[in-house]
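Asker: Numbering (the working numbering), first residue to last: 31 to 282. No residue lacks a Cβ here, since even glycine has one placed at the ideal position from N, Cα and C.
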Amino acid sequence: MKLGINIDHVATLRQSRQIHYPDPVVAALLSEHAGCDSIVAHLREDRRHINQRDVELLNVVLGIPFNLEMSINKQIVAIAMKVRPEKVTLVPEKRKELTTEGGLNLTLHYRRVKTAIEKLASRDIEVSLFIDPVRSQIDKAKSLGVRTIELNTGKYSESKTVGTQKRELEKIKKAVQYAHNKGFFVAVGHGLEYENVRPLTKIKGIQEFNIGHAIVSRSVFVGIVEAAREMISLIDPQRKIKKRNISILYDK
Ligand code: PXP
């Protein structure tokens, strides 16, 4: 199982003072060193955290895949086509939301998503679609020709009762199986933390976890390398964590 770490909230902290630190690019390199498998960053239309400089730098300094999360907005698609990250995850975006709310509705936005996928594919960018864990959306993703989907765990994470959480977990399980049988690379993410991630690690077919807020929050106390490693050992206890060379952090 792979861990993609979302480093948006390092940038949130920087933007709260409109200064140059903490740098999400440094956080990304340290996460790579910690053994994370990919770096995720969301370039929002309002640039509330990650900005174009971050995206451009991330794309050149990382030794692991960079997964750019973004909306299907034309200007943002144009930036992605210029930067050419290894992967793009298309998500819905609303100005007023605190964080991504719900999966991308592929029924409602089918044509626009198709256009965005075609444009990105023309620049050899792999596209993943962030969708709710329901069959109709998985079927639509299949007809759009993508190989990767990320199932939204938001409802599961936000469950207020044990009963709701169980039901949401069941929905995710069924959706993972369904998507896996259809040949998708299946990622999950949104609202996952060190406790609620555990039941998901038992689901066969999940190949990647994309987690941000909880790891960045934990890093305030233990540092980002330790916080990321704690999450890696939860989602993949067998993993021998390789130490990677991060001389880029020290070389002048
Ligand atoms: N995956 C997607 C598609 C997201 O939009 C987000 C939030 O930016 C995440 C994963 C990470 O969510 P969290 O910060 O709650 O772990």
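Name the residue from Ile102, Lys117, Leu92 whose alpha carbon lies nearest to the alpha carbon of Gly133.
Answerer: Within the sequence shown, residue 133 is the residue found at index 103, counting from 1. Cα-wise, what sits closest to Gly133 is Ile102.
Asker: Identify, in the order they occur along the chain, each residue of the same chain with its Cβ nearer than 8 Å to the Cβ of Gln268, setting aside the five sequence neighbours on each side.
Answerer: Position 238 of the sequence shown, counted from the first residue, corresponds to residue 268. Excluding residues within five positions, none has a Cβ falling inside 8 Å.
Asker: Under 6 Å, CB to any heavy atom of ligand 1. Which residues pass, going along the chain?
Answerer: Checking every Cβ against the heavy atoms of ligand 1 under 6 Å gives Asn36, Asp38, His72, Glu99, Thr119, Val121, Thr129, Thr130, Phe160, Glu180, Gly219, His220, Gly221, Leu222, Asn240, Ile241, Gly242, His243, Ala244.
Asker: Okay, do the region 109-124 and the region 88-98 touch, 3+ Cβ pairs below 8 Å being the bar?
Answerer: Counting Cβ pairs under 8 Å, three or more are found: they touch.
Asker: By alpha-carbon positions, which one of Arg177, Ala171, Leu150, Ala151 ends up nearest to His139?
Answerer: As a first step, residue 139 must be located in the sequence shown, where it is residue number 109. When only C-alpha atoms are compared, the closest one is Ala171.
Asker: When the Cα atoms are used, what is the spatial distance from Lys270 to Arg142?
Answerer: For the purposes of this step, residue 270 is taken as the residue at position 240 of the sequence shown. For the purposes of this step, residue 142 is taken as the residue at position 112 of the sequence shown. Each residue's alpha carbon lies about 42 Å from the other.
Asker: Residues in its own chain within less than 8 Å of Tyr51 by CB, not counting five upstream and five downstream?
Answerer: If you number the sequence shown from 1, residue 51 lands on position 21. The answer, listed in chain order, is Arg44.
Asker: How many angstroms separate the CA atom of Asn240 from the CA atom of Thr137?
Answerer: By one-based count along the sequence shown, residue 240 stands at place 210. By one-based count along the sequence shown, residue 137 stands at place 107. Rounded to the nearest angstrom, the two C-alpha atoms are 24 Å apart.
Asker: Report all residues from its chain with a CB closer than 7 Å to the CB of Glu75; omit the five preceding and five following residues, and keep chain order.
Answerer: Position 45 of the sequence shown, counting from 1, holds the residue named residue 75. Ser101, Asn103, Ile106, Glu123.
Asker: Could you tell me the distance, in whole angstroms, from the CA atom of Lys234 to the CA atom of Ile49?
Answerer: Residue 234 sits at position 204 when you count from the first residue of the sequence shown. Residue 49 sits at position 19 when you count from the first residue of the sequence shown. Each residue's Cα considered, the two are about 43 Å apart.
Asker: Kindly indicate which residue of Ala64, Asp38, Leu33 has the alpha-carbon position closest to the one of Asp53.
Answerer: Along the sequence shown, one-based indexing puts residue 53 at 23. Asp53 has its Cα closest to that of Asp38, out of Ala64, Asp38, Leu33.
Asker: Please list the segments of the alpha helix (DSSP H) lying wholly inside the region 188-238, counting only runs of 4 or more residues, in order along the chain.
Answerer: DSSP runs (the alpha helix (DSSP H)) wholly in the region 188-238: 192-211, 228-231.
Asker: Distance check for Tyr186 and Ser46, CA to CA, integer angstroms please.
Answerer: For this step, residue 46 is matched to residue 16 along the sequence shown. For this step, residue 186 is matched to residue 156 along the sequence shown. Ser46 and Tyr186: Cα-Cα distance of roughly 29 Å.
Asker: At which residues does the alpha helix (DSSP H) containing Val287 begin and terminate?
Answerer: Because the chain in this structure spans residues 31 to 282, residue 287 falls outside the shown range and cannot be described.
Asker: Among Glu127, Asn89, Ser173, whose alpha-carbon lies nearest the alpha-carbon of Ser68?
Answerer: Looking up residue 68 in the sequence shown gives position 38. Out of Glu127, Asn89, Ser173, Asn89 has the C-alpha closest to the C-alpha of Ser68.
Asker: If you reduce the DSSP assignment to three classes, tell me which class Glu256 lands in.
Answerer: Walking along the sequence shown from the start, residue 256 turns up at place 226. If DSSP states are grouped into helix, strand and coil, Glu256 belongs with the helices.
Asker: On the DSSP bridge assignment, give the partners of His72 in chain order.
Answerer: The sequence position of residue 72 within the sequence shown is 42, counting from 1. Bridge partners of His72: Glu99.
Asker: Report the rounded CA-to-CA distance for Lys253 versus Leu33, giving the unit in angstroms.
Answerer: Translated into positions along the sequence shown, residue 253 becomes position 223. Translated into positions along the sequence shown, residue 33 becomes position 3. Per the sequence shown, residue 253 should be read as Gly rather than Lys. Taking the straight line from one Cα to the other gives about 17 Å.
Asker: Find out if the Cβ-Cβ distance for the pair Leu181, Ala217 is shorter than 9 Å.
Answerer: By one-based count along the sequence shown, residue 181 stands at place 151. By one-based count along the sequence shown, residue 217 stands at place 187. It is a contact, given that the beta carbons lie within the stated cut-off.
Asker: Put Val164 into one of helix, strand or coil per three-state DSSP.
Answerer: For the purposes of this step, residue 164 is taken as residue 134 along the sequence shown, with counting starting at 1. Residue state, collapsed to three classes: coil.
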